[in-house]
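Peer 1:
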Amino acid sequence: MEEKKGHFETTVVHAGVKPDPTTGAIMTPIYATSTYVQISPGKHLGYDYSRTANPTRTALESSLAAIEGGNYALALSSGCTGTDILMHLMEVGDHVVSVDDVYGGTSRLFRSIWSRHGLAVTFGDLTNQPLSDFVTPKTKMIWIETPTNPLLKIIDIEKVVAQAKKLPHRPIVVVDNTFASPYFQRPLELGADVVLHSTTKYINGHSDVVGGALVTNDKGLLEQLHHIQNSIGGIPGPFDAFLVLRGIKTLALRMQRHGENAFELAKFLEKHPLVDRVIYPGLESHPQHAVACKQMKGFGGMITFFVKGNIENARRFLESVKIFALAESLGGVESLVDHPAIMTHASIPPETRKSLGIGDNLIRLSVGIEALADLKDDLENALKRSQ
Ligand SMILES: *Cc1c(COP(=O)(O)O)cnc(C)c1O
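In the numbering used here, the protein residues as written are 163 to 549.
1. By the DSSP assignment, the beta strand (DSSP E) with Gly-421 in it spans what residues?
2. With burial defined as no fewer than 16 other Cβ atoms inside 10 Å of the residue's Cβ, what is the status of Phe-468: buried or exposed?
3. From which residue to which residue does the beta strand (DSSP E) around Phe-468 run?
4. Using C-beta distances below 6 Å, list every residue in its chain close to Pro-312, excluding the 5 sequence neighbours before and after it, in chain order.
5. For Gly-409, which of helix, strand or coil comes out of DSSP?
6. Looking at Pro-330: is its Cβ nearer than 7 Å to the Cβ of Lys-302?
7. Quick one: is His-448 buried, meaning 16 or more other Cβ sit within 10 Å of its Cβ, or exposed?
8. Return the residue from the list Met-252, Ile-275, Thr-308 that minimises the CA-CA distance to Lys-300.
9. I need the DSSP call for Glu-165, collapsed to helix, strand or coil.
10. Does the beta-carbon distance from Glu-320 to Leu-352 come in below 7 Å?
11. Determine, using beta carbons only, whether Val-499 and Leu-488 come nearer to each other than 7 Å.
12. Which residues, in chain order, sit with a beta-carbon under 6 Å away from any heavy atom of ligand 1?
13. Excluding sequence positions up to five away, which residues of its chain have a Cβ less than 6 Å from the Cβ of Gly-168?
14. Identify, in the order they occur along the chain, each residue of the same chain with its Cβ nearer than 8 Å to the Cβ of Ala-454, setting aside the five sequence neighbours on each side.
15. Under 8 Å: do the stretch 469 to 482 and the stretch 394 to 409 share three or more Cβ pairs, one atom per stretch?
16. Taking only three categories from DSSP, how would you classify Met-303?
17. Per the DSSP calculation, Phe-285 is bridged to which residue(s)?
18. Strictly by DSSP, which residues pair up with Thr-218?
19. Judging by CA-CA distance, which residue of Tyr-198, Phe-272, Ala-375, Asp-287 is the nearest neighbour of Ser-509?
20. Taking the Cβ atom as the reference point for each residue, do Val-357 and Ile-304 lie within a distance shorter than 7 Å?
21. Could you tell me whether the stretch 530 to 544 touches the stretch 408 to 426, where touching means 3 or more Cβ pairs closer than 8 Å?
22. If you draw a straight line from the C-alpha of Trp-276 to the C-alpha of Gly-266, how long is it?
23. Are the beta-carbon atoms belonging to Phe-559 and Ile-192 less than 7 Å from one another?
24. Tell me whether Ala-403 is buried or exposed, calling it buried when 16 or more other Cβ atoms sit within 10 Å of its Cβ.
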């Protein structure tokens, strides 16, 4: 596929995109076609049916592989499709170890869908406990998300990979890289077998597509994953593929600004008297700050904090913000604010939420690329009104 090395800022603009050979169009066309004319039965130009492959999607897949520093990528209908495809690799009786503070939709797939099909998942705190505390002889997959959602825990990818490689049955290590994006973190270079993305978030970056991706260096694994995708049909349409490809061109610029804005706001919130605690991997107060410095190029655009008081203070804060929009999702150019206990993480049982530390006064920010001064004023005003 595309060049693996090179400057990220150049790769995002060019990877996967070549002038259209028939017209010279600089942008990859939206190939709105389900089927392709064959020259003679079984003889065609590489495409026979769009569930299997589509040229706009192929361009996106080359770009996704290149930006993650991987050999192969699959573009998917959503991030959750990626999780589902990976779970289809398992067989009845197999076991998965997952980080405990996993994305709500991933947890729902594990707990309420795959548990009914004979797959067991153990959730563990992989920030400080060794993998051996959770694995069984049936463990076939290790599920890492880092930074986690919403507690922004940082898992040491290299350390977990090293532990997984020592296990006799060698489970595959998956990293959900949605929060960091490949601009800040590239798990394949740290030894992971597969990277998962919800491209809905930073990779597309404009809150106008739901999509996903799987990236790997392993050809055999890619073939298995593609076989599953082609069988179950979790594909993005060509228009969505085009939009994600377009979004990727500004990924480096956007991530740089997301990271700068978030770092400044995290420091501002940490000093604020109406805030109890701030979680941001770039702050020295973050328990895994050293790991974040080691494996990330920057700390991302997500901030979690606890507003002083209880759920009523959180509610007043959320009703008072003007620039930060109260909405689920993250990673778009516009700033968003979320209340995980009521919104994104409502599907996690309340006792589990509580034991994880997802309190009723916990607020999650997806910091956008607006002017820092405006974002700071907005938070200041809403904090004042929260009490
Ligand atoms: C949103 C998200 C997903 C799921 O992606 P969808 O595109 O919504 O299906 C998975 N992991 C993380 C970390 C996410 O934020």
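Even for Gly, the Cβ is constructed at its ideal location relative to N, Cα and C.
Peer 2: By the coordinates alone:
1. Looking at the DSSP string, Gly-421 is not in any beta strand (DSSP E); the run it does join, the alpha helix (DSSP H), is 413 to 433.
2. buried
3. 464 to 469
4. Thr-466, Pro-502, Arg-526
5. helix
6. no
7. buried
8. Met-252
9. Confidence at Glu-165 is low in this model, with a pLDDT of 43, below 50, so the placement of that residue is unreliable and no value is reported for it.
10. yes
11. yes
12. Ser-240, Gly-241, Cys-242, Tyr-265, Gly-267, Thr-268, Glu-307, Asn-311, Asp-338, Thr-340, Phe-341, Ser-360, Thr-362, Lys-363, Val-372, Gly-374
13. none
14. Pro-309, Ile-316, Pro-443, Gly-444, His-448, Phe-461
15. no
16. strand
17. Ser-260
18. Paired residue(s): none; Thr-218 is not in a bridge.
19. Phe-272
20. no
21. yes
22. 15 Å
23. No answer is possible for residue 559: it lies beyond the span of the chain, which begins at 163 and ends at 549.
24. buried
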